[in-house]
Structures are given as C-alpha cells and as structure tokens.
Amino acid sequence: MKKVISMINPSSKVDGVSIVELKKTEKALGAIFPDEYKELYLETNGAKFGDWTLYPIQTNEKTALVIDIVKQNQNRPQNLPDDMVFIGEKLNGEKLCYRVRKRFMQELIYTWNDKTGLNKYASLSLGEFIDWHVPKVITNKPSKLGTFMVESEKLIVTDPYYKMDDELQIILLNVKNGSWSAFISYTPDEVVKNLFVFYGDKKTSGKWHVCDKQIGVDSSQAGIFDFEKFSSDNAIQFDDEVGSLDLQGRVVLGGAVSMSGYGDGVYEVKIKYNISKKVVGVMVNFVEEE
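Per numbering that gives the first Met the number 0: the sequence shown = residues 0 to 289.
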C-alpha cells in the first residue's frame, strides 16, 4: 500500500480517518471494506490519481461533507445491481465499484457507466487499478546505482554472461583508476535507455566519442566492469535478480550491470576522455533517439 500512497496526487492527500469512522461507514453501507481500502483510508481520506477520485468518508468534524461515499451510494441508478458499492469516480462520470459478497466487499474492482452499465472487473485490486491508471512521471534525471572501484586501468563492456575474448565485447585501455559512479536513465515508458559510468562522484564534462564496434547482448543484461575483476574466476557474481530491482540495475564488485533496454541485440557504446586522454566516462546506449 505504500507504493499506492506514493502514486496519489500529493495535493489531494489529507489526514486519514479513524477505525471508528471506518466502522460507522461500513455500518451505513451494510458491508465491510477490504483490508487494502482500510489501510489506504487510515493514511488519507479519499484521494485523486490521474482522472479518478476516491470518495471521502464522513468524519466527526463539524462541517459535513457535501460528497462522501455514503451519499454517493444513496442515489443509485435503478439498473445498478444491489450488490455493488460506489467508491470513486472519473472526471467523465464513470464510477469505480466494489462487489459485496456475504457482507464483505471483494477486492476486485469494477467500473460502472450510465450508458453501458456494469463492466467486467477492471483489475484484481484497488492498488493494481491505481498502478495501472496513474500517469507515470518520468524525469530526465538519471538514477544512481552506486559506486565501484577500477584498479586495472582497463574496462570491459559486455553481456555479463559472456566469457572472455568474445568478439561482441569491447575492452577499453588507458582507463583512470579509482572510484567510479554508475547511473541509469530511462525512456518515458520506464525502459532502461542508458547505462553510464563516470570517474568520480558526478557526470564528467566533455564530448562523447562513439566506439568503432558495438557490444552484443543475449541475456537482456549488459555491464561495464574492471577488466581484471571480470576476468578473474568468481570475482563477480551474477544472477537473475537484476530484472526484479526497482532501478533495473545494480553495482557489483568492480562494475555495474543493468537491463538492456527492450532486450537482446547489439548496442552502441560511447566513451569520454579527460585532458590527459584517459577514459573517464563510458555509456551503453540501449534505445535509439526518435
């Protein structure tokens, strides 16, 4: 539920209700709310997400609400099934509903339209419905994965599951040793666009230079690693967990690895140099600019 709360429009978030107020509302509606609904309303009394608004619950405050969930269910359309409870609505008037079974509202979410009537359930839960219908806010600010050490003056850009000397790898020489920082940027649909690493703790200035060759990916992952740490047996451990992380990537001993955009393929690599012609930045480009 924390994820759902974080997706709600901050300007619509207000103080939550009490357990007593929830029980009074359940009594007025004649049915028990699902647990996720209760958890949400203990944090905020109604909310907006995208074009949808969840009805508030009447509290013990002196000023009565003009619109609340109980009032919204008193003036019901004649053809609305008796076992449906309105819990919110869209800007166009479409309603969000729970279905009641043996005095308990089920977690399945339905929608109601005055013209088409009750539609097949829209999602398995309120949390899932909000997740699907909240506009994703993607910024241009990259997400930092962490830092790693380069000690061999060489980097290898590769699918982490490739063995050494694969022709679809790139080995970079004259690399600046020390602490490197790894970042990921994303497309508007939250796919990894770039994996890039820089010497130091922030992005380095200068021009990107495109490498003469590209890297190949067969595991839907790619990484940038200290050459010696990658080549030594068992120095870097890889597994399938990388795809389940929120950032879709992570740092490992001596490098960084991420999901490779939309999957397998061959990808462009760019590098940056400092004034001494040492490599101080590397980027893998997974998604071409439109």
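Just so it is clear, CB atoms sit at the ideal spot from N, CA and C, and this is done for glycine as well.
Being a predicted model, the structure only gives us computed values, none of them experimental.
Buried or exposed: residue i, going by 16 or more other Cβ atoms within 10 Å of its Cβ?
i	result
Y266	buried
K94	buried
S178	exposed
N118	exposed
T157	buried
D34	exposed
D188	exposed
D232	Unreliable positioning characterises D232 in this predicted model, as indicated by a pLDDT of 49, which lies under 50. A coordinate reading is not provided.
G260	buried
N74	exposed
D225	buried
L244	Reliability of the predicted coordinates at L244 is poor, the pLDDT of 46 falling under 50, and the value obtained from them is presented with this limitation in mind. Counting Cβ neighbours within 10 Å, L244 comes out exposed, since fewer than 16 surround it.
K295	Residue coverage of the chain in this structure runs from 0 to 289, which leaves residue 295 outside it and unanswerable.
V13	exposed
V250	buried
G205	exposed
Between residue i and the rest of its own chain, which residues show a CB-CB distance below 7 Å, the 5 nearest in sequence each way excluded?
i	result
G262	S219
M163	S230
V53	In the sequence as displayed, the identity of residue 53 is Leu instead of Val. Here the set comprises G45, A46, I86, G87.
With respect to the alpha helix (DSSP H) encompassing residue i, which residues constitute its N-terminal and C-terminal limits?
i	result
D188	Careful: D188 lies outside any alpha helix (DSSP H) and carries neither H nor E.
L39	34–42
I68	68–71
Just to check my reading of the structure: residue i and residue j have Cβ atoms closer than 8 Å, yes? What is that Cβ distance to the nearest angstrom?
i	j	result
F229	I155	5 Å
I31	N44	18 Å between Cβ atoms; not a contact.
T203	V149	Contact doesn't hold; Cβ gap of about 14 Å is too wide.
G254	I223	6 Å
S122	W131	6 Å
I129	F48	5 Å
Report the partner residues of residue i according to the DSSP bridge assignment.
i	result
N171	Before going on, a small fix: residue 171 reads as Leu here, not Asn. Paired residue(s): L154.
S17	DSSP output for S17 lists no bridge partner at all.
A46	L53
L117	W111
Tell me the residue span of the beta strand (DSSP E) that contains residue i.
i	result
Q220	220–225
K206	No beta strand (DSSP E) contains K206, which DSSP labels as neither H nor E.
V149	142–149
L95	94–100
V251	248–251
G254	254–258
G87	83–89
Can you name, in chain order, every residue of its own chain whose Cβ lies under 8 Å from the Cβ of residue i, other than the five neighbours on each side?
i	result
R102	G29, A30, I31
H208	K269, I270, K271, Y272
Y160	D217, S218, Q220, F237
D50	K89, L90, N91, H132
D239	At D239 the pLDDT is 40, less than 50, meaning the model places this residue with poor confidence; the figure from the coordinates comes in the next sentence. Closer than 8 Å at the Cβ level, and outside the excluded window around D239, lies no residue.
K276	N173
When the cut-off is 8 Å and only beta carbons count, does residue i lie next to chain B?
i	result
V149	Here there is only one protein chain, and chain B is not present.
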